[in-house]
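Q: Can you keep this structure in mind? I'll have questions shortly.
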Amino acid sequence: MSHPTADPVVSAVPYQVLDVGGQPPRALGDFTGTLTMRVHGATGEHLVCGQGTAADHHAVVQEKTGDGTGKDVRRWRVAADGDGFVAISG
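For what it's worth, our numbering labels the leading residue of the sequence shown as 36, then goes sequentially.
Written out as structure tokens, the structure reads:
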């Protein structure tokens, strides 16, 4: 079984989180469990599917192939930034 490759992104550069599951994110708890989030940054807009966990001041989303339950692709660290959230891969 082959897995599609993920779009390239720039590591260690913030990407603005546009939505999580089609809704604007309001809290780090929105980034938990199986999720999809749209981000926009240096390489354009990307749909990230994966598994997320939240801590006190950030969340971690492990991007996976397919619908978010396949092979690991990359890890994103999500943090509040002004009125929204940013995600940084790396």
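The C-beta atom is built at its ideal place from N, Cα and C for all residues, glycine as well.
Output the residue ranges of the beta strand (DSSP E) runs that lie fully inside the segment 80-119 and measure 3 residues or longer, sorted by chain position.
A: 94-99 and 107-116
Q: In three-state DSSP terms, what is Asp-65?
A: By one-based count along the sequence shown, residue 65 stands at place 30. DSSP places Asp-65 in the helix class (H, G or I) of the three-state scheme.
Q: Considering Cα atoms alone, identify which of Thr-88, Thr-71, Arg-61 and Gly-76 is closest to Thr-100.
A: Start at 1 with the first residue of the sequence shown, and residue 100 comes out as number 65. Looking at the Cα atoms, Thr-71 is the closest of the given residues.
Q: Could you say which of Ala-47, Leu-63, Asp-54 and Gly-76 lies nearest to Ala-94 if we only look at CA atoms?
A: To locate residue 94, count along the sequence shown from 1; it is residue 59. Among Ala-47, Leu-63, Asp-54 and Gly-76, the Cα nearest to that of Ala-94 belongs to Leu-63.
Q: Rounded to the nearest angstrom, how far is the Cβ of Phe-66 from that of Val-55, given a contact under 8 Å?
A: Sequence index remark: in the sequence shown, residue 66 carries index 31 (1-based). Sequence index remark: in the sequence shown, residue 55 carries index 20 (1-based). Correct: roughly 6 Å between the Cβ atoms.
Q: Of the residues Gln-51, Gln-97 and Gly-79, which one's Cα is nearest the Cα of Gln-86?
A: As a working note, residue 86 is residue 51 in the sequence shown. It is Gln-97.
Q: Among Gly-57, Gly-76 and Arg-112, whose alpha-carbon lies nearest the alpha-carbon of Asp-91?
A: Residue 91 sits at position 56 when you count from the first residue of the sequence shown. Out of Gly-57, Gly-76 and Arg-112, Arg-112 has the C-alpha closest to the C-alpha of Asp-91.
Q: Please go through the same chain and pick out, in chain order, the residues whose beta-carbon is closer than 8 Å to the beta-carbon of Gly-103, but skip the five residues on each side of it.
A: Numbered from its first residue, the sequence shown carries residue 103 at position 68. Counting only Cβ-Cβ distances below 8 Å, and skipping sequence neighbours, we find Thr-69, Leu-70, Thr-71, Cys-84, Gly-85 and Gln-86.
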